[in-house]
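Residue numbers for the sequence shown follow the UniProt record's numbering, beginning at 1 and rising by one.
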Amino acid sequence: MLQINEKTMSREPVKLEGMKLEFESGNVETGIRGPDNQSGVRYNLKFKLILNFDSFIKTVQEKLPYFFNDYLNNVRPELGGFAYYVSNFPIGHANYLKEKKDLHDFLIRSSSWITDWAESVGTGYLIKYEKPSFSLSPDDNELYINASKSFVFSDTNKTFEVKDIPLTRLDWALYLRDEIEDDGIGGELNLAYYPNETVDIDGSRLYRGQLYLSGKHLTPGVISPEQIKVAK
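Structure representation (structure tokens):
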């Protein structure tokens with residue numbers, strides 16, 4: 001079975017001006033069945049992924065000035081808590097990402113998502129992400145993500161309850177990799193809606209301003225905005 005380590009934090013972020021993550025709706029279901037028919041829970045979330053594309057282009061050009069010059073360079077969405085993406089998206093050719101809609105189209109069409117049950121390393125439970133769906137906001141300027149994540153215990157005799165949902169970071173970041181290093185620059189860049197400053201929340205390290213959820217704040221049924229917390 002696939003193993004996923006969710007205890008590690010995402011790569012060191014650079015806070016991108018105008019990048020935000022906004023809660024829209026959600027709910028928690030019980031009675032979900034695992035691969036061996038064990039009983040568990042699932043949360044379903046809808047969030048708005050906000051991106052200032054001008055700020056994105058400007059920051060990339062400042063931090064990775066040659067990024068748009070080669071088709072080998074790539075970008076990958078980091079959506080921990082929502083979905084698990086397993087590939088990189090080559091920019092195709094110089095300045096492939098000419099418009100915000102190019103990035104939106106990539107996410108809407110993307111298929112490289114893990115959707116099988118996986119062992120959450122060091123936890124004693126299994127997780128299952130669904131393939132997320134993306135849709136445009138009414139003004140066509142931002143994207144909504146609809147995502148689901150299920151939990152069951154590895155021990156088939158135990159029932160995973162809502163209170164057992166671990167503290168879960170909610171990521172919205174774009175990881176860029178400049179593969180060409182003959183210019184002496186090359187490198188990587190992780191653009192996120194939070195800065196590279198960490199805080200301790202219930203024994204876990206999160207980035208300041210990062211959204212998260214936890215079973216200690218949830219109940220079966222509708223998730224309210226107040227149940228989505230901010231690390232501070």
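Ideal placement from N, C-alpha and C gives every residue a C-beta, glycine not left out. Fair warning: this is a prediction, and the values are worked out from it, not measured in the lab.
State the Cα-Cα distance for the pair residue 7 and residue 24, rounded to the nearest angstrom.
Cα to Cα, residue 7 sits roughly 26 Å from residue 24.
Report the CB separation of residue 148 from residue 42 in whole angstroms; it is logged as a contact under 8 Å.
Yes, they are in contact, since the Cβ atoms of residue 148 and residue 42 sit about 6 Å apart, within 8 Å.
Quick check on residue 155: buried or exposed, where buried means 16 or more other Cβ atoms within 10 Å of its Cβ?
The residue in question, residue 155, is exposed, as its Cβ has fewer than 16 Cβ neighbours within 10 Å.
Could you please give me the residues that DSSP links to residue 28 through a beta bridge?
Residue 28 is bridged to 43 and 221.
Boundaries (first-last residue) of the alpha helix (DSSP H) holding residue 101
Unbroken alpha helix (DSSP H) run through residue 101: 100 to 109.
Measuring CB atoms only, is the segment 17 to 33 touching the segment 109 to 125, in the sense that at least three cross pairs come out at less than 8 Å?
Touching, no, given that fewer than three Cβ pairs across the two stretches are closer than 8 Å.
As assigned by DSSP and simplified to three states, the class of residue 57:
The answer is helix: DSSP assigns residue 57 an H, G or I state.
So, with DSSP's three-state summary, where would you put residue 124?
Three-state result, residue 124: coil.
Would residue 10 and residue 78 qualify as a contact pair, given that the criterion is a beta-carbon distance under 8 Å?
For the 8 Å CB-CB criterion, residue 10 and residue 78 form a contact.
Comparing the CB of residue 98 with every heavy atom of the ligand COA, is any distance shorter than 7 Å?
This structure lacks the ligand COA, and indeed carries no ligand of any kind.
Tell me whether residue 203 sits in a helix, a strand or coil according to DSSP, three-state version.
The answer is coil: DSSP assigns residue 203 none of H, G, I, E or B.
Residue 303 to residue 166, Cα distance in whole Å?
This structure leaves residue 303 out entirely; the chain is present only between 1 and 232.
Pick from 118, 101, 14 and 84: whose alpha carbon is nearest that of residue 139?
Among 118, 101, 14 and 84, the Cα nearest to that of residue 139 is on 101.
Of all the options 176, 197 and 153, which has the alpha carbon lying nearest to the alpha carbon of residue 35?
Relative to the Cα of residue 35, the nearest Cα in the group 176, 197 and 153 belongs to 153.
Taking only the alpha-carbon atoms, compute the straight-line gap between residue 216 and residue 163 and give it to the nearest angstrom.
Straight-line measurement puts the Cα of residue 163 at about 5 Å from the Cα of residue 216.
Find the nearest neighbour of residue 188 within the set 197, 174 and 127, judged by alpha-carbon distance.
Nearest option by C-alpha distance: 174.
Just verifying my parser: in three-state terms, what is the DSSP assignment at residue 178?
Three-state DSSP puts residue 178 in a strand.
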